[in-house]
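Using our numbering, you'd call the opening residue of the sequence shown number 162 and step up by one each time.
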Amino acid sequence: MKVCILQPECSQSSVESQYSTQYFHLLPEDQVDRVLLKKATIYTQLKQLKKQSYDVFVNLCRGYRENDFASCSEVSAVLEDLNLPHTGSALVLYDSPKNAMKHIAYYGGVETPSFAVAETLIEVEAACRDLNFPLFIKPNAATDCFEIDARSYITTHAELVSKAANLLAHCDSVLIEEYVVGREFTVLVAANPDDPQLAIAYRSVEVVFSQDEPFQTEEFRKRSQSSCYVLCSDQELDSRLREASEQLFSQINQGGYACFDFRVDEAGEIFFLDVNYPCSIFNPEGKEAIADYVLKLNGISQSEFLKQIVAAGITRHQRRQKKYQVKKSSIATYGIFAVQTLEAGETIVSGEHQLQRVVTRSHAKSQWTVAKQKMFLRYTYPLSQGVFVLRDPNHPAEWLLQNHSCDPNTAYQGLDLVAIKPIVMGDELTVDFATFLDENGLEFECQCGSDHCRGWIRLEACCESVKSLEFSKL
162 MKVCILQPEC
172 SQSSVESQYS
182 TQYFHLLPED
192 QVDRVLLKKA
202 TIYTQLKQLK
212 KQSYDVFVNL
222 CRGYRENDFA
232 SCSEVSAVLE
242 DLNLPHTGSA
252 LVLYDSPKNA
262 MKHIAYYGGV
272 ETPSFAVAET
282 LIEVEAACRD
292 LNFPLFIKPN
302 AATDCFEIDA
312 RSYITTHAEL
322 VSKAANLLAH
332 CDSVLIEEYV
342 VGREFTVLVA
352 ANPDDPQLAI
362 AYRSVEVVFS
372 QDEPFQTEEF
382 RKRSQSSCYV
392 LCSDQELDSR
402 LREASEQLFS
412 QINQGGYACF
422 DFRVDEAGEI
432 FFLDVNYPCS
442 IFNPEGKEAI
452 ADYVLKLNGI
462 SQSEFLKQIV
472 AAGITRHQRR
482 QKKYQVKKSS
492 IATYGIFAVQ
502 TLEAGETIVS
512 GEHQLQRVVT
522 RSHAKSQWTV
532 AKQKMFLRYT
542 YPLSQGVFVL
552 RDPNHPAEWL
562 LQNHSCDPNT
572 AYQGLDLVAI
582 KPIVMGDELT
592 VDFATFLDEN
602 GLEFECQCGS
612 DHCRGWIRLE
622 ACCESVKSLE
632 FSKL
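Now the structure itself:
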């Protein structure tokens with residue numbers, strides 16, 4: 162296998178590089194190349210690297226867009242644009258604010274400390290009225306432990322205003338939450354290469370604090386060592402922490418790997434604090450980050466973990482590849498054609514759990530022009546009597562330019578397009594429009610040329626009888 166390790170070029174940066182320069186020993190059976198990306202030339206460099214046919218790109222760039230070196234989100238965006246297989250999470254998660262992660266936790270059934278977000282000192286004052294001291298304050302942006310110090314722990318109104326003013330001088334907003342007195346734990350979670358629905362959560366690790374420093378700060382992270390972390394000795398608590406982490410990882414649904422931080426109060430209740438996505442890892446001896454210690458304590462080598470995330474990145478990329486291509490069709494101007502052999506029952510296009518652009522019939526009738534309404538009847542399909550799915554004009558490359566056939570080889574199963582018979586590479590993928598359109602769809606003269614062709618397709622007349630046979634061929 163041919164692997165490309167991506168790291169930022171930091172020689173001109175104000176930030177000291179913490180990156181290892183040697184990864185070859187982690188994948189001894191593979192060709193491993195290390196490339197340093199410059200912030201100004203990320204796209205150009207990756208476009209050239211694409212020509213070298215790497216099997217996977219290991220994105221170890223960290224930092225944030227405001228940094229003066231190539232950040233994780235910037236590199237991930239280009240990797241996605243160029244459709245390259247890579248490690249790490251999906252693009253939408255990078256740089257997500259802390260409060261957004263807490264909202265996800267809440268709706269995922271994981272408790273968080275009561276909190277407020279403030280952009281001004283007036284809003285900070287309002288937070289005082291709704292939250293109970295002691296408090297904890299930090300930047301709301303996804304910045305790991307940056308800007309967290311001893312003054313982040315707040316016991317008085319004056320301390321809150323002072324620290325908030327300091328942060329708001331260079332942060333867009335701050336997150337203020339009720340401080341949870343108790344123990345702190347971290348859980349490392351990674352995508353499962355064999356089952357994207359079942360994440361791998363490693364045994365939780367407790368952060369060992371001193372009496373003078375009862376929470377993680379930026380300085381604590383920098384000087385932490387192996388003695389600062391121990392495996393959770395309580396199996397029941399460990400199980401709950403891992404379950405909460407798996408739930409959060411599933412809710413976020415971005416793949417890759419992440420460290421989830423929790424506080425456990427004296428009553429044993431778990432509170433989600435933050436997620437580090439992606440977490441620093443594969444650091445050299447003496448410069449380990451918390452994820453490196455988690456691996457060590459779990460008896461997992463860096464080599465094993467690297468192989469796991471590489472496999473996950475490759476399989477995710479494979480799942481995303483289209484099983485069809487758009488070509489000229491004898492039925493209509495364009496059609497979609499299989500680029501591989503497809504088995505009966507195989508999902509060709511997954512519409513379930515995907516974003517859909519929808520519109521109601523009432524809105525289209527009242528707000529759209531006559532010309533646009535004609536397009537509505539021709540290029541939408543109904544989800545119900547009054548709600549329809551539209552093609553997204555912002556992503557024309559994703560349009561499913563599929564033609565009708567009275568003897569189709571695909572059908573819709575829910576929102577998924579599924580093969581209903583074996584299909585060989587090069588076959589046009591057709592569907593019977595009468596199986597999913599309603600009586601409002603425009604009638605048309607069929608050009609499928611099959612022995613079973615019904616001629617004029619009048620949806621009101623044929624809809625019910627054809628729909629009853631929708632999956633009879635599966």
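C-beta atoms are modelled at their ideal positions from N, C-alpha and C, and glycine is treated no differently.
Since we're looking at a predicted model, the values are computed, not measured.
Here the alpha carbon of residue 166 sits roughly 36 Å from the alpha carbon of residue 394.
In this structure the stretch 494-504 does not lie against the stretch 208-216, because fewer than three pairs of beta carbons, one per stretch, are closer than 8 Å. Nearest in C-alpha terms to residue 416, of all of 476, 289, 429 and 433, is 476. About 6 Å separates the Cβ atoms of residue 550 and residue 519, confirming a contact at the 8 Å cut-off. Proximity of the stretch 504-514 to the stretch 573-592 meets the contact definition, three or more beta-carbon pairs being nearer than 8 Å. In this structure, DSSP gives residue 299 an extended state, which the three-state scheme calls strand. Among the bridge pairs identified by DSSP, residue 185 is matched with none. Residues 408, 409, 411 and 412 of the same chain have their beta carbon placed closer than 8 Å to that of residue 269, with the five preceding and five following residues left out of the count. An exposed status is given to residue 585, since fewer than 16 other beta-carbon atoms sit within 10 Å of its beta-carbon.
Counted as a single uninterrupted DSSP element, the beta strand (DSSP E) harbouring residue 432 occupies residues 431-437. Along the length of the stretch 482-519, whole beta strand (DSSP E) runs at least 3 residues long occupy 485-489, 495-499 and 508-510, reported in chain order.
As far as DSSP is concerned, residue 267 takes part in no beta bridge. In the structure shown, residue 564 falls within a strand segment according to DSSP collapsed to helix, strand and coil. Sixteen is the threshold: since fewer than 16 other Cβ atoms of the shown chains lie within 10 Å of the Cβ of residue 554, the residue is exposed.
For residue 573, the three-state secondary structure derived from DSSP is strand. Burial check for residue 198: the Cβ neighbour count within 10 Å reaches 16 or more, so the residue is buried. Between residue 398 and the set 425, 355 and 533, the nearest pair of CA atoms involves 425. Residue burial is scored here from C-beta neighbours: residue 447 has fewer than 16 other C-beta atoms within 10 angstroms and is therefore classed as exposed. Between the stretch 562-572 and the stretch 588-601, the count of C-beta pairs closer than 8 Å reaches three or more; the two stretches touch.
For residue 399, the enclosing alpha helix (DSSP H) starts and ends at 396-413. For residue 418, the enclosing beta strand (DSSP E) starts and ends at 418-426. Residue 589 is bridged by DSSP to 498. Closest by C-alpha distance to residue 286, out of 471, 317, 345 and 241, is 317.
Taking C-beta atoms under 8 Å as the contact rule, residue 334 and residue 278 qualify, at a distance of about 5 Å. Listed in chain order, the beta strand (DSSP E) runs fully inside the stretch 202-264 are 217-220, counting runs of at least 3 residues. Contact between residue 235 and residue 203 holds, since their C-beta atoms are separated by about 6 Å, short of 8 Å. Straight-line measurement puts the Cα of residue 474 at about 12 Å from the Cα of residue 164.
Judged by DSSP in its simplified three-state form, residue 337 adopts strand. Across the set 281, 382 and 344, the C-alpha of 344 shows the shortest separation from the C-alpha of residue 428.
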